[in-house]
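Structure record follows, encoded as C-alpha cells.
There are 2 protein chains.
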Amino acid sequence: MEIHSVGIVGLGLIGGSLARTIRLHAKSIRVYGTDILPETMQLAHLMDAIDEDLTEDNLPEMDLILVALYPEAIVTWIEEHRSAFKPGAIVIDCGGVKETIVSRIQPLADTWHFIGGHPMSGREISGFKASRDDLFDKASMILTPSPAEDLQVLQCVRNFFSDIGFRRIQFTTPRTHDEMIAYTSQLAHVVSSAYVKSELAQKHRGFSAGSFADMTRVAKVNENMWTELFFLNRENLLPEIDGLIARLTDYRDALDREDREGMRALLREGRETKEGLEEN
Amino acid sequence: MEIHSVGIVGLGLIGGSLARTIRLHAKSIRVYGTDILPETMQLAHLMDAIDEDLTEDNLPEMDLILVALYPEAIVTWIEEHRSAFKPGAIVIDCGGVKETIVSRIQPLADTWHFIGGHPMSGREISGFKASRDDLFDKASMILTPSPAEDLQVLQCVRNFFSDIGFRRIQFTTPRTHDEMIAYTSQLAHVVSSAYVKSELAQKHRGFSAGSFADMTRVAKVNENMWTELFFLNRENLLPEIDGLIARLTDYRDALDREDREGMRALLREGRETKEGLEEN
Chain A
330 MEIHSVGIVG
340 LGLIGGSLAR
350 TIRLHAKSIR
360 VYGTDILPET
370 MQLAHLMDAI
380 DEDLTEDNLP
390 EMDLILVALY
400 PEAIVTWIEE
410 HRSAFKPGAI
420 VIDCGGVKET
430 IVSRIQPLAD
440 TWHFIGGHPM
450 SGREISGFKA
460 SRDDLFDKAS
470 MILTPSPAED
480 LQVLQCVRNF
490 FSDIGFRRIQ
500 FTTPRTHDEM
510 IAYTSQLAHV
520 VSSAYVKSEL
530 AQKHRGFSAG
540 SFADMTRVAK
550 VNENMWTELF
560 FLNRENLLPE
570 IDGLIARLTD
580 YRDALDREDR
590 EGMRALLREG
600 RETKEGLEEN
Chain B
330 MEIHSVGIVG
340 LGLIGGSLAR
350 TIRLHAKSIR
360 VYGTDILPET
370 MQLAHLMDAI
380 DEDLTEDNLP
390 EMDLILVALY
400 PEAIVTWIEE
410 HRSAFKPGAI
420 VIDCGGVKET
430 IVSRIQPLAD
440 TWHFIGGHPM
450 SGREISGFKA
460 SRDDLFDKAS
470 MILTPSPAED
480 LQVLQCVRNF
490 FSDIGFRRIQ
500 FTTPRTHDEM
510 IAYTSQLAHV
520 VSSAYVKSEL
530 AQKHRGFSAG
540 SFADMTRVAK
550 VNENMWTELF
560 FLNRENLLPE
570 IDGLIARLTD
580 YRDALDREDR
590 EGMRALLREG
600 RETKEGLEEN
C-alpha cells in the first residue's frame with residue numbers, strides 16, 4: 330500500500346501547510362488541492378503548493394484525501410463526496426474536535442477508510458498566506474482510527490506523516506482527544522483572549538516581557554472557527570474553565586487572607602508539577 | 330559624568346546577566362561583584378563575569394552600584410552599606426516591585442543618587458548558571474527616579490543601559506510600575522502556575538502544541554521570590570486576578586448557556602484588542 334496522490338480539501342493555514350509540506354518532503358506524491366476562494370487557488374499554484382486542482386473528475390483517483398475545513402464543513406463535504414472516493418481510499422480529516430466528526434463519518438466508511446486526524450500545530454493567523462512548509466516539523470499528528478481499521482492502512486498512514494516531518498504520531502480515541510485538547514489547546518485560547526482584555530494592556534509597551542507575550546499570543550484567534558470548536562467540545566471545555574477558575578481562586582484567596590505560606594505552597598506545587606512534566 | 334566602575338550585589342540570574350552583559354558591551358568599565366554563595370563567586374570568576382570581588386574596601390570607589398537581590402534584601406543591604414557609598418555614586422536596584430523599595434530607600438539618598446530599577450527580562454530558571462550575556466538584548470529597563478533627580482544623572486544612566494543593549498529605557502513612577510507589572514508579569518505567573526495543575530497535564534505529550542507550552546512556561550517560578558513579590562504588590566495584583574477570573578467567567582457562562590453569538594463576540598473582542606496592541 331503506497332500513496333501516490335493526495336487530495337487536499339481546503340487550502341487555509343492547515344491545508345495549505347500540508348500541501349507545501351508534502352511537496353517539500355515527498356516529491357514522488359502528486360498533490361491536488363481545492364479551496365472555495367479563487368485567490369487562494371491562484372496563490373497555491375503560484376507558490377507551487379499543489380500540482381493540480383482537485384476536481385470532481387480526479388477525486389476518484391486519490392489514494393489519500395485530507396479534509397482541512399471547519400468541523401461542520403468537514404462532515405458536509407465528506408457526506409456529499411463519499412460516493413466518488415475510490416475503493417481503498419484513505420480519508421483523514423484535520424478538525425480540532427474528533428468525537429462529533431468521527432461519530433458521524435465513521436459509519437459511512439464502507440469501501441474507503443476513514444481516520445479522524447488532528448495535526449497539532451497552528452499559528453495565531455489563518456489562511457493560505459499564513460501557511461508554512463515547516464509548520465508540522467516538530468508537531469504531533471493525532472489519529473483516531475476505528476479499532477477495526479486494517480493494520481496495513483495504519484502503518485501506511487503513520488509512515489506518510491512521519492515522512493513529511495511530523496515528530497510524533499499519536500493514536501488515541503476521539504473521546505481522549507477531545508478531553509485532552511479542551512485542556513491543552515482550547516483552554517489556552519480562552520485564557521489568552523480573556524487575559525488581553527485588561528485596560529492596562531493598552532499601556533503594556535515598556536512594561537512587558539516574555540510572559541505577557543506568551544499569555545496573549547493566541548488571543549488573535551479566529552472567532553468563527555473557535556466558537557464552533559468550543560461548542561462542539563462544550564462538555565470537556567466547560568469543566569476545564571471551571572477548574573482553572575477554581576485554581577486561580579486559590580491564589581487569589583491566599584493573597585487576600587495574607588497567607589504567605591499558602592501562596593508559597595501553591596507556587597511550589599506549580600513548579601514541581603511543571604518540572605515533573607519536563608522529566609516524563 | 331562617566332561610569333568607570335560598577336559594583337553588582339547579587340550574581341543570580343539578573344545580577345549575573347548584568348555583569349556578563351556589561352563585560353560584553355562596555356569593556357572600559359570595571360565590573361565588581363559579590364554574592365553570598367561561594368560557588369557563585371567562583372563561577373563568576375571562571376566565566377569572567379566580573380573583574381574583581383566587590384568588597385567593603387572597594388565599595389566606596391564604585392560609580393554605579395546595581396543591587397540585584399530579593400526586595401527585602403535590597404532594602405536591608407542598602408541601609409547597611411549606604412555610609413560607604415562615595416558622594417555622587419548612583420545606586421540602582423533591580424527589584425520586581427518599586428513602591429515599597431523606593432519609598433524606603435529614596436529618603437536615605439543624600440550624597441548619593443538612588444534610582445529604582447527593573448530590568449524587564451527573565452527566565453523560568455534562576456541563579457548564576459542561568460545567566461546570559463544577551464538576556465536584556467530586546468528588553469525594557471524601567472527606571473523610577475525621584476522627580477528631583479539631576480538630568481545629568483538620568484542621561485548618564487539612560488546611556489549606560491542603552492549601551493549595554495537594552496532596547497528601551499522606560500521612565501515612570503513606582504506606582505505606575507507596580508500597577509503595570511501586576512498585570513503584565515505577576516498575573517502571568519499566577520496563571521501559568523494555576524494552568525499546569527490540571528490532572529490532564531500529566532498526559533499532555535502528543536496532545537499539546539505551542540499554546541500549552543506558552544501557558545505553562547513560567548510555572549517553574551521560584552516560589553520564595555515570587556511570594557515576596559506578590560505580597561509586596563498585593564493591592565495591585567489582587568484586582569488583576571479578580572479581573573481575569575471575571576473575564577474567564579464571561580466565556581464560561583457563554584458556553585454554559587449555549588450562547589454562540591456571545592462567545593463569538595467575546596473572542597472577536599479579544600482578537601481586536603490583541604491586534605490593536607500590535608499596531609500601537
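Quick note, the sequences are listed as chains A and B, same order. Residue 392 in our numbering sits at position 63 of the first sequence; the count goes up by one each step and never skips. Residue 411 in our numbering sits at position 82 of the second sequence; the count goes up by one each step and never skips. Beta carbons are placed, not taken as given, at the ideal position from N, Cα and C, and that holds for glycine.
Item                                                                                                                                                                          : Value
Please list the segments of the beta strand (DSSP E) lying wholly inside the region 362-396 of chain B, counting only runs of 3 or more residues, in order along the chain.   : 393-396
Please confirm if Asp-585 (chain B) has its CB atom under 8 Å from at least one CB of chain A.                                                                                : yes
Given this structure, state the Cα-to-Cα distance separating Glu-278 (chain B) from Asp-380 (chain A), to the nearest angstrom.                                               : Nothing about residue 278 (chain B) can be reported from this structure: the residues present for chain B run from 330 to 609 only.
In terms of DSSP beta bridges, what is Val-447 (chain A) paired with?                                                                                                         : The identity of residue 447 (chain A) in the sequence shown is His, whereas the question assumes Val. Paired residue(s): A:Ile-471.
Once the 5 residues before and after Arg-352 (chain B) are set aside, which same chain residues still bring their CB inside 7 Å of it?                                        : Val-360, Asp-377, Ala-378
Could you name the residues of chain A that Ile-574 (chain B) contacts, counting a contact when the two beta carbons are closer than 8 Å?                                     : Ile-574, Leu-577, Thr-578, Arg-581
Express the C-alpha separation of His-447 (chain B) and His-533 (chain A) in angstroms, rounding to a whole number.                                                           : 15 Å
Compare the C-beta of Ile-510 (chain A) against all C-beta atoms of chain B and say whether one is closer than 8 Å.                                                           : yes
With 16 as the cutoff for other CB atoms within 10 Å, does Gly-417 (chain B) come out buried or exposed?                                                                      : exposed
Just to confirm, is the Cβ distance from Leu-383 (chain A) to Val-338 (chain A) under 8 Å?                                                                                    : yes
Under 8 Å between beta-carbons, which chain B residues line up against Leu-464 (chain A)? List them in chain order, please.                                                   : Neighbours of Leu-464 (chain A) on chain B: none; closest Cβ ~10 Å, over 8 Å.
Mind listing the chain A neighbours of Lys-549 (chain B)? Cutoff is C-beta to C-beta under 7 Å, in chain order.                                                               : Arg-600, Lys-603, Glu-604
At a cut of 8 Å, does the region 496-514 of chain A reach the region 538-546 of chain B through at least three beta carbon pairs?                                             : yes
Return the CA-CA distance between Arg-576 (chain A) and Ala-583 (chain B), expressed in angstroms with no decimal places.                                                     : 20 Å
Which of the three DSSP states is assigned to Ile-430 (chain B) in this structure?                                                                                            : helix
Kindly give me the distance between the Cβ atoms of Glu-552 (chain B) and Arg-597 (chain A), rounded to whole angstroms, as I take these residues to be in contact under 8 Å. : 4 Å
Taking the beta strand (DSSP E) that Asp-579 (chain A) belongs to, which residues open and close that run?                                                                    : Where Asp-579 (chain A) is concerned, there is no enclosing beta strand (DSSP E), although the alpha helix (DSSP H) it sits in stretches over 563-585.
Helix, strand or coil for His-442 (chain B), going by three-state DSSP, please let me know.                                                                                   : strand
Determine whether the beta carbon atoms of Phe-536 (chain B) and Ile-365 (chain A) lie at a separation below 8 Å.                                                             : no
How big is the Cα-Cα spacing for Gln-481 (chain B) and Ser-475 (chain B)?                                                                                                     : 13 Å
Could you name the residues that DSSP lists as bridge partners for Gly-336 (chain B)?                                                                                         : B:Tyr-361, B:Ile-394
Report the rounded CA-to-CA distance for Gly-345 (chain A) versus Glu-428 (chain A), giving the unit in angstroms.                                                            : 24 Å
Would you give the residue range spanned by the alpha helix (DSSP H) that Ile-419 (chain A) belongs to?                                                                       : From DSSP, Ile-419 (chain A) is part of no alpha helix (DSSP H) but of the beta strand (DSSP E) over 419-422.
Thinking just about the alpha-carbon of each residue, which of A:Asp-466, A:Met-554, A:Ala-397, A:Glu-564 is nearest to the one in Met-509 (chain A)?                         : A:Glu-564
What span of residues does the alpha helix (DSSP H) with Gln-515 (chain A) cover, start to end?                                                                               : Here Gln-515 (chain A) belongs to no alpha helix (DSSP H), and DSSP marks it neither H nor E.
Spell out the partners DSSP gives Arg-497 (chain B) in its beta bridges.                                                                                                      : B:Ser-469
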